[in-house]
Amino acid sequence: MNVDLRRPSGIDFGVEPLAMPDQDLGAPFRDPLAPGIRTALGTRILRLATLVTPLGLTALLCWTSLRWFALDGALSLAEGALVAVTMAAFYWVVLSVAVACLGLFWRPRPQAQALHGLTVAVLLPMYGEPAEVTIGNALALVAGLSGKGRHRFSLHVVSDTRDATAALAEESAITAARRSHPGVALTYRRRALNTDYKSGNLRHWITTEGHAFDAMLILDADSRMSPDSVVRLADAMACEPGLGLIQSLPRVLPGRTLWSRLQSFASEVYGINLGRGFSVWSGVDANFLGHNALVRTRAFATSAGLPHLPGHAPRGGVIMSHDFVEAALMRRAGWGVRMMPDAADSFEDTPETLPGHIRRDRRWCQGNMQHLRLLGVPGLHPASRFHLLQGAMAYLASVWWLALLLLWAVLGPSAMPDFFAKSPFMPSWPEMPLVTQFALATIVGVMLMAPRVIGAIGHIRDHGIRLRQMPGLVVSMLVEIGLSILIAPSLMVHQVKAVAGALPCRRDGAWPSPRGDRCGRAAFALADAGCGWSGADHSLVLAGAARCGRHLASQAAVVPDLGPHLHRLRAGTFARAQITRWRNALTGIDHCRRARFKVTTG
């Protein structure tokens, strides 16, 4: 049975409940209540330049590669496949460089001042997370919002927890929260059946209580936001009636382990700049990350109800990565979707270990592969289609890179009549001019490293990092880059396995562990043998990196607790600088939770 622990809080639940119908994915839809919001001309010009420039550079690399292979005569099928796969992977690398460059030119939007306040529900979906910490963080946020701006905030814990002990802990935490914060409007509901997972949880709340609220701030169990950032989102939505969703740019909090510190460092130094660049070219056609975002309730209910996809899982059934699709449907209906990096104090956690990251990646992969089926939905904005494709490409890119390894293995023996005249073990590739070799190597190297370097430049500029702090930042970057390169082959294989698990022939979306391990080892063995057989220096280096990466990844998985020792390193190393900066934003929340919110037992 549903558990509903409401308290009278001045919220009017007597209005007619909202309906949230399934959207028709076979016909366009326009919300008649949407004011309509158009993409600015400047944004469209920047978007065109951002997306087309990488196409030009990719075409140049393609032309150079084809000329090189054609020196020997006709282009073979394997060579053509190699060029095609290289182009598919290279475009997204160059695109990240273009987006990073845009991030350097991002500037905060003028602070909006709302003339009329919004009634905002802070939604906290739960699924068995530690109750005291999770509810305490959200409670402290809502308590901190009291008296800020013109808006009214209330907290709503919507639980899908199945474990009876965890559910009892949630109820105890709610009771303690009401006792310690009697002035906070708070409701708690636990569903008997977690139909459609998180998207179904949100839909249930919208259709029962959402009619009383102008907007909802959607959190995750690990979300942390400062009151000032939330008010900034609410002010922006109140001042722009055409916006249906405003997404903040969450930063990854540094955890206790080496892996989580690496993720946090990369997020802060490189990721924030990429997020800013994304906000520049996307404008009001941005995306939804599923949490740390403010959503206009009625617009969401009218335009973002998700149907089940035809067929069986993993490609059919419930839409798993619902956030991208919800943003696309809202934009289709005429509502604007904006990313707002201005709300700087927005945080989330990351898995503490590499195995945890891989497990989460497998879940995300299934949802992103479903997005490929939705690219042709009528009425979607072109930018929304691109977001869906880009999400899928985040995983398909690993397939392209593995295909490159396998194609190098194939090209050696298949090209023997042309390239192995002098020695059966040492192929003689067509000669490439030295200038062309240098240009290609430079282009590829610059494209791979540029997003990190550009992000670091922006980080130094934004935070005024002094010269004496530079060595720590540089060392951190070198270590992060080195470990990322070595771990990348193992992550590549796991992502390829996740993609294979999402194929139509896999009805449950799962890949049995023993078989998956054998396939991963077989793919690496074939690629490794082929690279060694080809004899090319670059192939040997690639094979060596693959071997080292697999060994390092297995060791990293069982050495989780290096993070606490990193505080001994100099400022700027592995997120030390941002830990210091974030402490001011988070101390108040932590203090409030520890000092004023305790669950008593017995």
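Counting from 1, position 414 in the sequence shown corresponds to residue 806 in the numbering used here; the numbering is continuous, with no gaps.
Note that the Cβ used here is the ideal one computed from N, Cα and C, for glycine as well.
A quick note: this is a predicted structure, and the numbers were derived from the prediction, not measured.
DSSP-derived helix/strand/coil call for residue i
i: H548; result: strand
i: D423; result: coil
i: F692; result: helix
i: D677; result: strand
i: V576; result: coil
i: G539; result: coil
i: T431; result: coil
i: A685; result: strand
i: M518; result: strand
i: T445; result: helix
i: L410; result: coil
i: R582; result: strand
i: G669; result: helix
i: A801; result: helix
i: A795; result: helix
i: G472; result: helix
i: V512; result: strand
i: G1070; result: No answer is possible for residue 1070: it lies beyond the span of the chain, which begins at 393 and ends at 994.
i: R436; result: helix
i: R643; result: strand
i: S840; result: This sequence places Leu at residue 840; Ser is not what is there. Three-state result, L840: helix.
i: G708; result: coil
i: L701; result: strand
i: G495; result: helix
i: L487; result: helix
i: V769; result: coil
i: E632; result: coil
Nearest neighbour of residue i, chosen from the options [CA to CA]
i: G495; options: S652, V534, F421, G675; result: G675
i: A565; options: L449, S776, E521; result: E521
i: L449; options: G708, P420, V838, T689; result: V838
i: G592; options: G663, L641, M518; result: M518
i: E471; options: V710, P699, R459; result: R459
i: E408; options: T600, I610, A607; result: T600
i: M761; options: A480, R439, Q887; result: Q887
i: L796; options: M884, A568, H603; result: M884
i: T553; options: C454, R595, R581; result: R581
i: D614; options: N529, G434, V489; result: N529
i: V512; options: P502, S776, R688; result: R688
i: E660; options: T649, V672, P642; result: P642
i: A441; options: V525, E740, V486; result: V486
i: A786; options: G759, V769, H773, R544; result: G759
i: F605; options: L560, A556, R544, G783; result: R544
i: L443; options: C454, A462, T478, C493; result: C493
i: K889; options: T834, P646, R751; result: R751
i: L767; options: L746, G697, A736, F716; result: F716
Assigned exposure category for residue i - 16 Cβ within 10 Å defines buried
i: S1053; result: The structure shown does not extend to residue 1053, since the chain is modelled only from 393 to 994, so the question has no answer here.
i: A426; result: buried
i: A969; result: Its pLDDT being 47, under 50, A969 is placed unreliably in this model, and the value from its coordinates should be taken loosely. That one is buried.
i: G636; result: buried
i: V576; result: buried
i: P904; result: Its pLDDT being 41, under 50, P904 is placed unreliably by the model, and the measurement read from it follows with that caveat. With fewer than 16 other Cβ atoms within 10 Å, it is exposed.
i: A411; result: exposed
i: L859; result: exposed
i: T742; result: buried
i: L447; result: exposed
i: H700; result: exposed
i: V866; result: exposed
i: G726; result: buried
i: R422; result: exposed
i: P881; result: buried
i: M998; result: The structure shown has nothing for residue 998, since the chain only spans 393 to 994.
i: G663; result: buried
i: M1063; result: No statement about residue 1063 is possible, as the shown extent of the chain runs from 393 to 994 and does not include it.
i: M732; result: buried
Endpoints, beta strand (DSSP E) assigned at residue i
i: G728; result: 728–732
i: S618; result: No beta strand (DSSP E) holds S618; DSSP gives it neither H nor E.
i: L635; result: 635–640
i: I610; result: 607–610
i: S738; result: 738–740
Span of the alpha helix (DSSP H) around residue i
i: G748; result: 746–762
i: P881; result: 862–893
i: W597; result: 589–600
i: F716; result: 714–724
i: Q655; result: 650–658
Short CB-CB distance (under 7 Å) between residue i and chain D
i: D555; result: Although the question refers to chain D, the structure presented lacks it and comprises just one protein chain.
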